[in-house]
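Asker: Going by numbering that gives the first Met the number 0, the sequence shown opens with residue 0, and the numbers climb by one from there.
Yeah, the Cβ is synthetic: ideal placement off N, Cα and C, and Gly gets one too.
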Amino acid sequence: MLVLMILVMLLAFYLLAEVCDKYFVDSLEKISKRLNLSPEATGATFMAIGSSAPELFVSLMSLFKPGEEAMGAGTIVGSAIFNVLVITGAAVVVRQAFIIWQPVIRD
0 MLVLMILVML LAFYLLAEVC DKYFVDSLEK ISKRLNLSPE ATGATFMAIG SSAPELFVSL
60 MSLFKPGEEA MGAGTIVGSA IFNVLVITGA AVVVRQAFII WQPVIRD
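1. Quick one: grab the DSSP three-state call for Asn82.
2. Decide yes or no for the touch test of the segment 52-69 against the segment 23-43: beta carbon pairs closer than 8 Å, at least 3 of them.
3. Is the CB-CB distance between Phe45 and Leu27 below 8 Å?
4. Within the continuous alpha helix (DSSP H) that includes Gly49, where are the two ends?
5. Give the C-beta separation of Ser78 and Glu39 to the nearest angstrom, bearing in mind that I take them to be a contact with Cβ-Cβ under 8 Å.
6. Within a Cβ cutoff of 7 Å, which residues of the same chain sit near Gly42, ignoring the five residues on either side of it in sequence?
7. Only counting the same chain, and skipping five residues up and downstream in sequence, which positions put a Cβ closer than 7 Å to that of Arg23?
8. Go ahead and pull the three-state DSSP assignment for Ile98.
9. Give the C-beta separation of Leu62 and Gly71 to the nearest angstrom, bearing in mind that I take them to be a contact with Cβ-Cβ under 8 Å.
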């Protein structure tokens with residue numbers, strides 16, 4: 000059962016990457032041209048909106064569901080922790096960065 004779940008998860012990640020590559024990137028390029036924005040500004044702005052939209056919608060939905068008010072705060076805090084720890088950690092692993100441990104321990 001675990002192997003099946005892992006395979007389904009990998010398939011979902013692959014399909015998500017395909018959809019983003021074929022549709023989202025093309026849409027960003029068209030928006031960039033129409034608004035006369037640089038590709039860097041468009042990518043930074045709309046990627047930030049896209050990555051924060053799920054937390055915003057979960058928080059808004061938790062406002063309207065009685066007894067689920069803490070879900071919004073948990074989503075925001077969990078997202079911040081995930082972004083700081085997992086994404087930064089993955090970038091360090093992929094880039095094979097060397098971190099000097101003394102300043103980290105000191106701070």
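Answerer: Short version:
1. The residue given as residue 82 occupies position 83 in the sequence shown. Asn82 falls in the helix class under three-state DSSP.
2. no
3. Translated into positions along the sequence shown, residue 45 becomes position 46. Translated into positions along the sequence shown, residue 27 becomes position 28. The answer is yes: Cβ separation under 8 Å.
4. Stepping through the sequence shown from its first residue, residue 49 is reached at position 50. Run containing Gly49: 38-63, per the alpha helix (DSSP H) assignment.
5. Start at 1 with the first residue of the sequence shown, and residue 78 comes out as number 79. Start at 1 with the first residue of the sequence shown, and residue 39 comes out as number 40. Contact doesn't hold; Cβ gap of about 24 Å is too wide.
6. Position 43 of the sequence shown holds residue 42. Correct list, in chain order: Leu27.
7. One-based indexing of the sequence shown puts residue 23 at position 24. Arg is not the amino acid found at residue 23; the sequence shown has Phe there. So the list is empty, once near-sequence residues are dropped.
8. Working through the sequence shown from its first residue, we reach residue 98 at position 99. Residue state, collapsed to three classes: coil.
9. Looking up residue 62 in the sequence shown gives position 63. Looking up residue 71 in the sequence shown gives position 72. At roughly 7 Å, the Cβ-Cβ gap stays under 8 Å, so Leu62 and Gly71 are in contact.
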